[in-house]
Amino acid sequence: MAKGKKLGLKERYALMTRGLDWETSYQPMDAVFPYDHYEGIKIKDWDGWADPFRLTMDAYWKYQAEKERKLYAILDAFQQNNGQLNISEARYLSAVKLWLQGITPLEYAAHRGFAHAGRAFRGAGARIACQMQSLDELRHAQTQLHAFSHYNKFFHGFHGFAHMRDRAWYLSIPKSFFEDAMTAGPFEFVTSISFAFEYVLTNLLFMPFVSGAAYNGDMATTTFGFSAQSDESRHMTLGLEVVKFMLQQHEDNVPIVQAWLDKWFWRGYRLLGLVGTMMDYMLPKKVMSWQEAWGIYWEENGIALFHDLARYGIRLPKHHEVAAKEKHRLTHEMWLTLYQYGNALSLHTWIPDDAELDWMSEKYGASFDERYRPRLVYLREREQRGERYFNNRLPMVCQVCQIPVFYTEPDDPLVQCVRIVEAGGTKHHCCSDGCADIFRREPEKYVQALLPPQQIYRGEAGGARDIWEYAAWLHLEKDVDTGEYRGSPDQQHWAQWQQAHKATPADAA
Amino acid sequence: MADKVFIALQNNADAQPIILAIAADNPEAVVVESPGMVKIDCPGRLVIRRASIEAQIGRDFDLQELHLNLISLGGNIDEDDDEFVLSWQR
């Protein structure tokens, strides 16, 4: 066979995506793709869509296989060399437990969501990009479970993530986020996950937090984290592409897209309160504060993206200024909440030591010293007296984001922020104007939200009558999987292993 | 000043020639190292040239190999066989 000229990237992409597509003839296209117009998005020409990476399926398999080979070689080395002993401290693993319980199930949900969205789009370019993302997300769920399974052999709290996903009060925060997206139409789904969540926000999870995992010696999380993020770059690009595509296709799409960006910026930001708390509180060795990360990844990189979209008539998402007002206190308010409800979490909580408090004073300045440091010191003194504080009741959670209603007013950090919304004669509580706006736009959707505290009080948690029975129903062992870190079995084992590691043969003799 | 585009790569041996090539081809680029990763910021536009990477590594390079060590990026992408460009259009 004569050797022909090798095709260029752009030609190859055109032939291997749109070139393989066809118009249906036995059934009209509208019947084959019934879900890509009911949201009101008008598409004049699906060929206007192109993946800027121009990745074809054959190249996709080739590079994904290479990533997997690299990742599993490192995971093998991590397991064979007792990598669990090289982390900074056992309490670091609270962040890893929260990742396993809260984020890994989202990866699986994303796998399902993108399979569904991909099927719904009639343009081949969009369909193939969604197919790749669906496969990526399944890979992320699997590689995370493989990586974390090694920690499960040595530490408590890793055992019940699948059981807890539909039962634990704090896991309804990430779960409800994704279920909100998955019950929307395909355009809103891709806008919410690929654009608002992945492009605008997941840099905060996969960059400063995973870099923090590297700094804390967690080879497993660093490796799958950066391996996953190499896929996220493609997802972010899909997200930006779908948003630009909608905006270019018809001016009527602009207000619809803007409303989605407003909604999903706020929902994503609320979810990231947990990630910020992982960075500021759960990493014993700290790389960057939440406030600094927000400055780099939202105020610099995120806002640059919105400047770029201004030419289509898109403005910054509503309530972004509230996020700016909250950035010096978000994680402190969140940690104090997790700390007091720590008897129903499958991870440990604690009060940071003095060196960490000094780091926070340096990073957050006077507001931390005035408002949060004294509270943290007070709680630590109580704990040292043997009066570790737990709030033995259930929190009231926001009807939209499902985070307990504990954040404070944007302009007054001493007043709790509560917004009451009404639908069908019933009152519902929201944590913020951002969440109240989301509720008012689609009240018929959010009145259906299943709120864990209400369900527990109704007896739906195996008839649990108090928080300890509820924790047992989650398969959590009191003061083993849950509660204070200091004195926990994880902490005691860690101390023994560190001592054994330092011991010489002469010590043993 | 133009908004910054960025690219972040894993800080491993494979990425070093790519980082060197980017720094050489983009005089305004700022390379910031963090544990495990390198983030490169550049005002307005950043270009990655296949030929520059090939000169560093002494073998053929396919720009799609970038995917193996890529962590994240910010900017509109325009990629062909010879160049990978990130830019904000103002």
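Residue numbers (numbering that gives the first Met the number 0), protein chains in the order written: chain A, 0 to 508; chain B, 0 to 89.
The C-beta atom is built at its ideal place from N, Cα and C for all residues, glycine as well.
Just so it is clear, the structure is predicted and the values come from calculations on it, not from any experiment.
Approximately 5 Å separates the beta-carbon atoms of residue 480 (chain A) and residue 345 (chain A); this is inside 8 Å, confirming the contact. The C-alpha of residue 131 (chain A) is placed about 40 Å away from the C-alpha of residue 471 (chain A). In this structure the region 99-117 of chain A lies against the region 128-146 of chain A, because at least three pairs of beta carbons, one per stretch, are closer than 8 Å. Selection A:252, A:357 and A:191 evaluated against residue 261 (chain A) yields A:191 as nearest (Cα-Cα). In the DSSP assignment, residue 83 (chain B) falls outside any alpha helix (DSSP H) and within the unbroken beta strand (DSSP E) covering 82-86. At a Cβ-Cβ threshold of 8 Å, residue 86 (chain B) and residue 73 (chain B) do not count as neighbours. It is roughly 43 Å from the alpha-carbon of residue 422 (chain A) to the alpha-carbon of residue 2 (chain B). Residues of the region 390-419 of chain A whose Cβ lies closer than 8 Å to any Cβ of chain B: none. Residue 206 (chain A) and residue 14 (chain B) have their C-alpha atoms spaced approximately 16 Å apart. Residue burial is scored here from C-beta neighbours: residue 63 (chain B) has at least 16 other C-beta atoms within 10 angstroms and is therefore classed as buried.
In summary, the residues of the region 301-331 of chain A whose CB is separated from some CB of chain B by less than 8 Å are 302, 303, 304, 306, 307 and 310, in the order they occur in the chain. Across the structure, residue 162 (chain A) and residue 474 (chain A) are spaced so that their CA atoms are roughly 8 Å apart. The region 90-99 of chain A makes contact with the region 268-282 of chain A; the number of CB pairs closer than 8 Å reaches 3 or more. Among the residues of chain A, none has a CB under 9 Å from the CB of residue 15 (chain B); the nearest is roughly 16 Å distant. Straight through space, the alpha carbons of residue 305 (chain A) and residue 491 (chain A) are spaced by roughly 49 Å.
Taken atom to atom, the span from the alpha-carbon of residue 203 (chain A) to that of residue 292 (chain A) is near 7 Å. Straight-line spacing of the CA atoms in residue 380 (chain A) and residue 285 (chain A) works out to 24 Å.
Here residue 209 (chain A) has 220, 221, 224, 225 and 228 as same chain residues with Cβ atoms under 8 Å from its own Cβ, once five neighbours each way along the sequence are excluded. Around residue 484 (chain A), the same chain offers 90, 347, 348, 349 and 490 as residues with beta carbons nearer than 7 Å, after the five sequence neighbours per side are excluded. Against residue 65 (chain A), the close residues of chain B are 67, in the order they occur along the chain (beta-carbon pairs closer than 7 Å). The beta-carbon of residue 33 (chain B) is placed less than 8 Å from the nearest beta-carbon of chain A.
Pairing residue 92 (chain A) with residue 169 (chain A) gives a Cβ-Cβ distance that is not under 8 Å. In this structure residue 49 (chain B) touches residue 81 (chain B) by the C-beta definition: roughly 5 Å separates them, less than 8 Å. Taking a contact as a CB-CB distance under 8 Å, the pair residue 397 (chain A) and residue 408 (chain A) does not count as one, their CB atoms being some 15 Å apart. Using a 10 angstroms sphere on the CB of residue 314 (chain A), the tally of other CB atoms stays under 16, which defines it as exposed. Cβ contact annotation for residue 460 (chain A) (same chain, cutoff 6 Å, sequence separation greater than five): 469 and 472, in chain order.
Note on geometry: alpha-carbon atoms of residue 444 (chain A) and residue 438 (chain A) lie some 8 Å from one another.
Around residue 231 (chain A), the beta-carbon contacts reaching into chain B at under 7 Å are 71. With contacts defined as CB atoms closer than 8 Å, residue 427 (chain A) and residue 446 (chain A) qualify as a contacting pair. Distance from residue 144 (chain A) to residue 103 (chain A) at the Cβ level is roughly 6 Å; contact confirmed, criterion being Cβ atoms closer than 8 Å. Annotation for residue 425 (chain A): the continuous beta strand (DSSP E) segment containing it runs 425-429. At least one C-beta of chain A is nearer than 8 Å to the C-beta of residue 76 (chain B). Secondary structure note for residue 491 (chain A): its alpha helix (DSSP H) is the uninterrupted segment 488-501.
Among the CB atoms of chain A, none fall inside 8 Å of the CB of residue 60 (chain B). The Cβ atoms of residue 52 (chain B) and residue 7 (chain B) lie no closer than 8 Å to each other. Nearest neighbour of residue 45 (chain A) by Cα position, chosen from A:60, A:124, A:366 and A:336, turns out to be A:124.
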